[in-house]
Amino acid sequence: MKVSIKRGLLGVLTASALVAGLLVGIAPAHAANGANCQVNTPTNKAQCDLITVALIGKVVTLDANNPSRTSNPNYVTRLLVQGQLFRYDIKGVAQPDLVDKYTVSADGLTYTMTLKDMKYSDGVTPVTADDAVFSWEYSQKNVPGFNSVTSVVASDAKTVVYTLSAPFSDFPRALAGIYGVINPRSKAEGNPTYWKNPLSAGPFKIKSWVEGSDEFVVDINKNYWAKPAVKEIRFLAVPDPVTRVLALKQGTIDYAFDLPASIGRNQLNDTKIFRSQPWQLAGTFTIDFNMVKAVGTPWADPRVRQALSYALDRQQFSDLAFNGDVIPSCALTFPSHPNYLCVKPGGIKQDLVKAKALLAEAGASAGFNIRLSVFNRPGWADAAAVIASQWAKIGVIATVAAEPDAVGAAGQNNGTFEVQLSGYGSTWLSGGLATYIGSKGAWTGWSKSKSNDDLIVEYDAAQGKKAQQAVLTKIEQFIWDESAHLVVGQRSGWGASRLPAGIFQNQTANDQYAVLQTPALDGAIAVVKPVKTKITCVKGKVTKKVRDYKPVCPKGFKKKK
Numbered sequence: 001m002k003v004s005i006k007r008g009l010l011g012v013l014t015a016s017a018l019v020a021g022l023l024v025g026i027a028p029a030h031a032a033n034g035a036n037c038q039v040n041t042p043t044n045k046a047q048c049d050l051i052t053v054a055l056i057g058k059v060v061t062l063d064a065n066n067p068s069r070t071s072n073p074n075y076v077t078r079l080l081v082q083g084q085l086f087r088y089d090i091k092g093v094a095q096p097d098l099v100d101k102y103t104v105s106a107d108g109l110t111y112t113m114t115l116k117d118m119k120y121s122d123g124v125t126p127v128t129a130d131d132a133v134f135s136w137e138y139s140q141k142n143v144p145g146f147n148s149v150t151s152v153v154a155s156d157a158k159t160v161v162y163t164l165s166a167p168f169s170d171f172p173r174a175l176a177g178i179y180g181v182i183n184p185r186s187k188a189e190g191n192p193t194y195w196k197n198p199l200s201a202g203p204f205k206i207k208s209w210v211e212g213s214d215e216f217v218v219d220i221n222k223n224y225w226a227k228p229a230v231k232e233i234r235f236l237a238v239p240d241p242v243t244r245v246l247a248l249k250q251g252t253i254d255y256a257f258d259l260p261a262s263i264g265r266n267q268l269n270d271t272k273i274f275r276s277q278p279w280q281l282a283g284t285f286t287i288d289f290n291m292v293k294a295v296g297t298p299w300a301d302p303r304v305r306q307a308l309s310y311a312l313d314r315q316q317f318s319d320l321a322f323n324g325d326v327i328p329s330c331a332l333t334f335p336s337h338p339n340y341l342c343v344k345p346g347g348i349k350q351d352l353v354k355a356k357a358l359l360a361e362a363g364a365s366a367g368f369n370i371r372l373s374v375f376n377r378p379g380w381a382d383a384a385a386v387i388a389s390q391w392a393k394i395g396v397i398a399t400v401a402a403e404p405d406a407v408g409a410a411g412q413n414n415g416t417f418e419v420q421l422s423g424y425g426s427t428w429l430s431g432g433l434a435t436y437i438g439s440k441g442a443w444t445g446w447s448k449s450k451s452n453d454d455l456i457v458e459y460d461a462a463q464g465k466k467a468q469q470a471v472l473t474k475i476e477q478f479i480w481d482e483s484a485h486l487v488v489g490q491r492s493g494w495g496a497s498r499l500p501a502g503i504f505q506n507q508t509a510n511d512q513y514a515v516l517q518t519p520a521l522d523g524a525i526a527v528v529k530p531v532k533t534k535i536t537c538v539k540g541k542v543t544k545k546v547r548d549y550k551p552v553c554p555k556g557f558k559k560k561k
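So in the numbering used here the end of the sequence shown lands on 561, straight run, no missing numbers.
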């Protein structure tokens, strides 16, 4: 199997080199320019007039309610040309952006936010609190991770109030996520053509773009409250990962975050020109089953899916496909998170004996065939081949189908995949968990797997590591019992840049972009720890004490005055 993997990689390299040959004769006319825009320029002096950034695919929509909103090229660009109440800084901290100040009630259930006095990029349309309400109604209300929000209202033109049913300590992080973009209700509501050229309350505005084209060009939004250190960004769709390496090497592009690590480290090793940027994403690689397609097959039985998990050698998965950069894992709560825990018996260890025993119990000891699809991203196809080789040891024959993102996404949305190597990345943990067990979660919908919103709300409300891990134990057990989603390891990636450190790069543990700006995104975060209060309830001669964030007497009891 090792030989076939190496040959596959060489085949990709050869084919990609031919494609990249198209770039060889092109002068790097769009490469970074500016007097202080070299890789060794100190961050405090950095200033770039124009940079070119490679995307893994084309930008096809900026609509935060479009089914393709979770595709990387669509959201990393959307977040730069649309406003956010909170925005992640380069360290991955959710900082106030359009929010000027905010308070949190003592019980943690009410967030009151006052917005900056700003206009959108047209210089005419004001940013209002009702626009935040519209954002909630349009693109946040129906996505995972916001289950505890009960109401969003504009108390005046600049004040928006969020009311929660339970404390949600990561709420600012959730608002800074890929769904949290602000657009004017007056322009966007009921107007699908608006999303072809939306107004911006973010650091940049669209300069030129046609839906589905290879280029997406933005320049500074002069009505934004801060000044970015980059005047113009040209995003260029370069789907082939090896072509991205070669384009970066010859100076056609200046930054790419998702590169084949082994080739990149070999080709981009001159530290006077390039800076490598390895990263661990806040998320995991998962193997996800289509439970509708499973009907009538051996893998409809959860014991069979658990057998496939036991057959995995997660360390080999990391070593052969990702140069050992992936941290093996057996829980949706990724290993670098302080609350990581695994409920799977045996942890990450491969156990072929157990796997075969489970297949025998399920009457599937003869094995079966299955189609394993995978997005054709750096290392992913090789990773799927490693999985196939491991499953073959228990008689399961997986045919690996490496697909462009657009094809793989269509398979998800149309429900045509059987099992897919994929994964998640989320800027707040419960948002990632809700992707798999939330009733509105992306993978819950694609796989038609079981959901449990109550567990997500319970985790968000839990205070302290002990209480949070107690809920996570229930969540991970819920996932393991069904085993519609098998966890392999924490997602990682490798990128490289020709740009000054900190001027433009991925945020820590995140695939979203941060751009250096003045003033910086460094507003103080209001942190008010929720406080439980106690009431006394009476029913005749019976007395009960109730302690909670919003205590309510049991049915038949009255609150003692």
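We put the beta carbon where it would ideally sit given N, CA and C, even for glycine.
What does the Cβ neighbour count give for residue i, buried or exposed, with the cut at 16 atoms within 10 Å?
| i | result |
| --- | --- |
| E189 | exposed |
| Q477 | exposed |
| T14 | With a pLDDT of only 35 at T14, under 50, the local geometry of the prediction cannot be trusted, and no value is derived from it. |
| G562 | As displayed, the chain neither begins before 1 nor continues past 561, which places residue 562 out of reach and without an answer. |
| A366 | exposed |
| P298 | buried |
| A157 | exposed |
| N72 | buried |
| V238 | buried |
| K558 | exposed |
| T284 | buried |
| D49 | exposed |
| A383 | buried |
| D511 | buried |
| P338 | exposed |
| G143 | Checking the sequence, you will find Val at residue 143 rather than Gly. Buried. |
| T61 | buried |
| T427 | buried |
Using a threshold of 7 Å, state whether the C-beta atoms of residue i and residue j are closer than that.
| i | j | result |
| --- | --- | --- |
| A392 | S373 | no |
| Q469 | L332 | no |
| F216 | V59 | yes |
| N65 | S139 | yes |
| R371 | T416 | no |
| G301 | Q350 | Checking the displayed sequence, the identity of residue 301 turns out to be Asp instead of Gly. Cβ atoms of D301 and Q350: not closer than 7 Å. |
| K560 | T536 | yes |
| A386 | L320 | According to the sequence provided, residue 386 is Val. The question's Ala does not apply to it. Result yes, Cβ atoms of V386 and L320 sit closer than 7 Å. |
| F317 | V488 | yes |
| Q82 | G202 | yes |
| Q517 | A256 | no |
| I253 | T52 | yes |
| I327 | N369 | no |
| R173 | A94 | yes |
| T114 | T43 | no |
| P192 | T125 | no |
| L268 | R244 | no |
| A355 | I394 | yes |
| P67 | N414 | no |
| A54 | P500 | no |
How would you write the range of the alpha helix (DSSP H) that residue i sits in, first residue to last?
| i | result |
| --- | --- |
| A434 | L429 to I437 |
| V242 | P241 to Q250 |
| A188 | R185 to A188 |
| L472 | K465 to E482 |
| G445 | A442 to S447 |
| G411 | D405 to N414 |
| A307 | P302 to Y310 |
Along the beta strand (DSSP E) that carries residue i, what are the first and last residues, could you check?
| i | result |
| --- | --- |
| D453 | Looking at the DSSP string, D453 is not in any beta strand (DSSP E); the run it does join, the alpha helix (DSSP H), is D453 to A461. |
| Y513 | Y513 to V515 |
| Q505 | F504 to N506 |
| L421 | V419 to G423 |
| V53 | C48 to L55 |
Hey, is residue i close to the ligand PLP, as in C-beta under 6 Å from one of its heavy atoms?
| i | result |
| --- | --- |
| V245 | Annotation note on the ligand PLP: not contained in the displayed structure, which lists no ligands. |
Touching or not, the segment 146-155 and the segment 163-181, by the rule of three or more beta carbon pairs under 8 Å?
-> yes
Uninterrupted alpha helix (DSSP H) stretches inside the segment 104-179 (no shorter than 4 residues) | Runs of the alpha helix (DSSP H) inside the segment 104-179: 129-135 and 171-175.
Completely contained beta strand (DSSP E) runs for the segment 321-401, where each covers 3 or more residues | 368-375
Below 8 Å, can you find three or more Cβ-Cβ pairs linking the segment 441-454 to the segment 306-323?
-> No, they do not touch.
May I have a chain-ordered list of the alpha helix (DSSP H) segments no shorter than 4 residues that lie completely inside the segment 63-104?
-> 72-78
So, do the segment 452-465 and the segment 273-289 have three or more beta carbon pairs nearer to each other than 8 Å?
-> no
Determine contact between the segment 194-213 and the segment 490-500, defined as no fewer than three beta-carbon pairs at a distance below 8 Å.
-> no
Pair every Cβ in the segment 206-222 with every Cβ in the segment 101-117, then say whether three or more of these pairs are closer than 8 Å.
-> No, because fewer than three Cβ pairs between the segment 206-222 and the segment 101-117 fall closer than 8 Å, the two stretches do not touch.
Within the chosen definition, does the segment 272-287 reach the segment 401-415 through at least 3 CB pairs nearer than 8 Å?
-> Verdict: no, contact absent.
Completely contained beta strand (DSSP E) runs for the segment 188-273, where each covers 3 or more residues = 204-209, 215-220 and 230-237
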